[in-house]
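Structure first, then comments.
There are 2 protein chains.
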Amino acid sequence: MKSRKVTEAGRAAAQDPKAALHGKWYQDACAAAFAMELIGERWTLPIVRELMLGGRRFSDIRASLPAISAKVLTERLESLESGGIVTRRAVTAPLPMKLYELTDWGIGLEPVMAALGRWSMESPLHNPQLPLTPVSLMLSMRTMLDSPKARDWQARVGLEVGPQRFIGRVGDGALAIARAGENPEPTDFVLRGPDANAFLPVLYGKRPLGSAGTRLEAEGDAALVQRFIDLFELPAKRRVAG
Amino acid sequence: MKSRKVTEAGRAAAQDPKAALHGKWYQDACAAAFAMELIGERWTLPIVRELMLGGRRFSDIRASLPAISAKVLTERLESLESGGIVTRRAVTAPLPMKLYELTDWGIGLEPVMAALGRWSMESPLHNPQLPLTPVSLMLSMRTMLDSPKARDWQARVGLEVGPQRFIGRVGDGALAIARAGENPEPTDFVLRGPDANAFLPVLYGKRPLGSAGTRLEAEGDAALVQRFIDLFELPAKRRVAG
DNA sequence: CAGAATCCCATTCGATACTG
DNA sequence: CAGTATCGAATGGGATTCTG
Chain H
3 MKSRKVTEAG
13 RAAAQDPKAA
23 LHGKWYQDAC
33 AAAFAMELIG
43 ERWTLPIVRE
53 LMLGGRRFSD
63 IRASLPAISA
73 KVLTERLESL
83 ESGGIVTRRA
93 VTAPLPMKLY
103 ELTDWGIGLE
113 PVMAALGRWS
123 MESPLHNPQL
133 PLTPVSLMLS
143 MRTMLDSPKA
153 RDWQARVGLE
163 VGPQRFIGRV
173 GDGALAIARA
183 GENPEPTDFV
193 LRGPDANAFL
203 PVLYGKRPLG
213 SAGTRLEAEG
223 DAALVQRFID
233 LFELPAKRRV
243 AG
Chain R
3 MKSRKVTEAG
13 RAAAQDPKAA
23 LHGKWYQDAC
33 AAAFAMELIG
43 ERWTLPIVRE
53 LMLGGRRFSD
63 IRASLPAISA
73 KVLTERLESL
83 ESGGIVTRRA
93 VTAPLPMKLY
103 ELTDWGIGLE
113 PVMAALGRWS
123 MESPLHNPQL
133 PLTPVSLMLS
143 MRTMLDSPKA
153 RDWQARVGLE
163 VGPQRFIGRV
173 GDGALAIARA
183 GENPEPTDFV
193 LRGPDANAFL
203 PVLYGKRPLG
213 SAGTRLEAEG
223 DAALVQRFID
233 LFELPAKRRV
243 AG
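So the sequence lines, in the order shown, correspond to chains H and R. Under my numbering, think of the first position of the first sequence as 3, with each following residue one higher. Under my numbering, think of the first position of the second sequence as 3, with each following residue one higher.
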């Protein structure tokens, strides 16, 4: 016989199409399980991640996630919109285009992503050699920051990943990061690399700037740069059976 | 032309079948994305949740997650084992059986689940009326605990959800929870309900014990019980567009 | 009880082509 | 640029049966 669950789900979907998008997998009050219904589907979390530092266009996201198809990106953005995590907005200036942005609640996913990242980084199966997007690098810096060390220091750092430029503001025990605007803003020093992966050996592997193989260059007071690098600490991997 | 990515994935899987289980979705160094490959698949997180308070048998898990099929549970437990999150162990006493247990690293998922839960609970789409398992209730109490209030108090509470019995120990700003053993352990007071949902209006809705509709009963000093209930605070929902 | 094996349908995904 | 439409391939998952 056909499953009764399928029938009921179909009926619920007929009554309210949006309801079918959530509460679809588990009929469970567990909030963590519900969260996985919202962000657990393939591609959803990387999309959210790419929006975490500000709204972007459809094709920006595609460029950052080259393996995603237009179909899946469209579907996921629709789900995220109906879930209240993302909004779609048409802007006219400086150019007419559509912007996908996180809602305030969607931005609340950063602590979730930080917790996920801190946990999975302890796995020996995690491979930091794989390609990294600029946004991933920026968020990882926020996650890996040793907060007390950023409490008694104020600094502005330019972070340039290929053509993408960001401004980091150290202070109050945190690292605020925003995309750099058109007109160059003043910074105390700059870190510049051809891609996001070039930052990893220096920031987390503590390889000296300019040592063999590092593709990262700095501009400005070397002592400030070193103090910045010292803000970050990578946890050791566990020896896990399996 | 056939995609080259598919060919490479197939080749990698042929060399090492286990490698295919992870790094399957995204070729991305982002640790949060990697975490989703480990726990983002359907049913994986609820399974982990059910193991969070101690090892359980295959049929225990099925009983807690009635909508999961034997095939899927088998597959997920295999993935979790090869990912280093779960171990399978044959025990002989008191009865010969197989126990699935979280590894130390797997237990490290509790902060992740707490972050997911805190976030998704703010959604107006989250429905706490749905059924809740006893383990979900226990974990939600740990998450919702107002830590400072548990700093200057020591207490032992019996938590009985239908036939399942737990012992909670309040102290040091935390709530430790373990399954109760065979021989009754001493407790300062007891909260007892027919199912996990019966606890919600009292613990989080602050409905008085014994008021109309509450199906929860307490045993022991009423002042202590009230102090326990006051440890928990449910955050308000956001008004989210969409 | 604790799964493994098989069958088969439904869904999903990726690739490609096309559109306003 | 921002998608839609379509199609074939791959995957997922439920039901069922079988085994130690």
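Cβ coordinates follow ideal geometry from the N, Cα and C atoms, glycine included.
Asked, Found
"Closer than 9 Å, CB to CB, is Ala238 (chain H) near chain R or not?", "no"
"Whose Cβ in chain R lies nearer than 8 Å to the Cβ of Phe201 (chain H)?", "Neighbours of Phe201 (chain H) on chain R: none; closest Cβ ~11 Å, over 8 Å."
"Report the neighbours of Ala220 (chain H) on chain R: residues whose CB is nearer than 7 Å to its CB, in chain order.", "Near Ala220 (chain H) there are no residues of chain R at all, since even the closest Cβ is about 22 Å away, more than 7 Å."
"Kindly indicate the opening and closing residues of the alpha helix (DSSP H) around Ala72 (chain H).", "Ala72 to Ser84"
"Can you look up Arg6 (chain H) in the DSSP assignment and give me helix, strand or coil?", "Because the pLDDT of Arg6 (chain H) is 33, which lies under 50, any placement of that residue in the model is unreliable, and the number read from its coordinates should be weighed accordingly. Arg6 (chain H): helix per DSSP, three-state reduction."
"My output table needs one value for Lys151 (chain R): the three-state DSSP class, helix, strand or coil.", "helix"
"What separation, rounded to the nearest whole angstrom, lies between the Cα atoms of Leu53 (chain R) and Ala92 (chain R)?", "16 Å"
"Against chain R, which members of the stretch 111 to 130 of chain H pass a CB distance test of less than 9 Å?", "Leu111, Pro113, Val114, Met115, Ala116, Ala117, Leu118, Gly119, Arg120, Trp121, Ser122, Met123, Glu124, Ser125, Pro126, Leu127, His128, Asn129 and Pro130"
"Within a Cβ cutoff of 6 Å, which residues of the same chain sit near Thr46 (chain H), ignoring the five residues on either side of it in sequence?", "Arg78"
"Could you tell me the alpha carbon to alpha carbon distance between Pro130 (chain R) and Ala31 (chain H), rounded to whole angstroms?", "5 Å"
"Quickly, what does DSSP pair Met140 (chain H) with across the bridge? List them, please.", "Met140 (chain H) pairs with nothing; no bridge assigned."
"Using only CA atoms, which one of H:Pro188, H:Leu118, H:Trp107 and H:Ser142 lies nearest to Leu127 (chain R)?", "H:Trp107"
"Could you check whether the stretch 188 to 205 of chain R touches the stretch 213 to 233 of chain R, counting it as contact only if at least three pairs of C-beta atoms, one from each stretch, sit closer than 8 Å?", "yes"
"List, in order along the chain, the chain H residues whose C-beta lies closer than 7 Å to that of Arg44 (chain R)?", "Trp27"
"Taking all protein chains shown into account, decide if Arg58 (chain R) is buried (16 or more other Cβ within 10 angstroms of its Cβ) or exposed.", "buried"
"Could you please give me the residues that DSSP links to Tyr262 (chain H) through a beta bridge?", "One cannot answer for residue 262 (chain H) here, as it falls past the ends of chain H, which runs 3 to 244."
"Which two residues bound the contiguous alpha helix (DSSP H) that contains Arg51 (chain R)?", "Thr46 to Leu53"
"Check Leu202 (chain R) in the structure and name its three-state DSSP category.", "helix"
"Less than 8 Å between the CB atoms is what I'm expecting for Ala152 (chain H) and Leu233 (chain H), so what's the real figure, rounded?", "6 Å"
"Nearest to Ala238 (chain H) by alpha carbon, out of H:Ser122, H:Arg167, H:Ile231 and H:Val137?", "H:Ser122"
"Could you tell me which chain R residues have their CB closer than 8 Å to the CB of Ser149 (chain H), listed as they occur along the chain?", "The contacting residues do not exist; Ser149 (chain H) stays about 16 Å from chain R at best."
"Does Asp62 (chain R) come within less than 9 Å of chain H when only Cβ atoms are used?", "no"
"Going by Cα to Cα distance, which pick from H:Ala69, H:Pro98 and H:Gln156 is closest to Gly173 (chain H)?", "H:Gln156"
"Rounded C-beta distance between Phe191 (chain R) and Val227 (chain R)? I'm assuming under 8 Å.", "5 Å"
"Leaving out the 5 sequence neighbours to the left and right, which residues in its chain are closer than 7 Å to Asn199 (chain R) when beta-carbon positions are compared?", "Pro133 and Leu134"
"Using a C-beta cutoff of 9 Å, does Pro48 (chain R) count as contacting chain H?", "yes"
"Is there a Cβ from chain H that is less than 9 Å from the Cβ of Phe36 (chain R)?", "yes"
"Please compile the residues from chain H whose C-beta is within a distance smaller than 7 Å of the C-beta of Asp251 (chain R).", "Chain R is shown only over 3 to 244; residue 251 (chain R) falls outside these bounds and no answer can be derived."
"By the criterion of Cβ-Cβ separation under 8 Å, what are the contact partners of Ser81 (chain H) in chain R?", "What Ser81 (chain H) touches in chain R: nothing, since even the nearest Cβ is about 11 Å away."
"Any C-beta of chain H sitting closer than 9 Å to the C-beta of Arg209 (chain R)?", "no"
"Leaving out five residues before and five after Leu177 (chain H) in sequence, what residues of the same chain have Cβ atoms less than 8 Å from its Cβ?", "Met143, Arg144, Leu147, Ala152, Gly170, Arg171 and Leu233"
"When you compare only the Cα positions, how much space is there between Gly56 (chain H) and Gly195 (chain H)?", "21 Å"
"With DSSP as the reference, please indicate the residues paired to Leu193 (chain H) in a beta bridge.", "H:Leu161 and H:Ala220"
"Against chain R, does Pro133 (chain H) count as a neighbour if the rule is that its beta carbon must be under 9 Å from one of theirs?", "yes"
"Checking contacts by CB at 9 Å: is Trp155 (chain H) closer than that to chain R?", "no"
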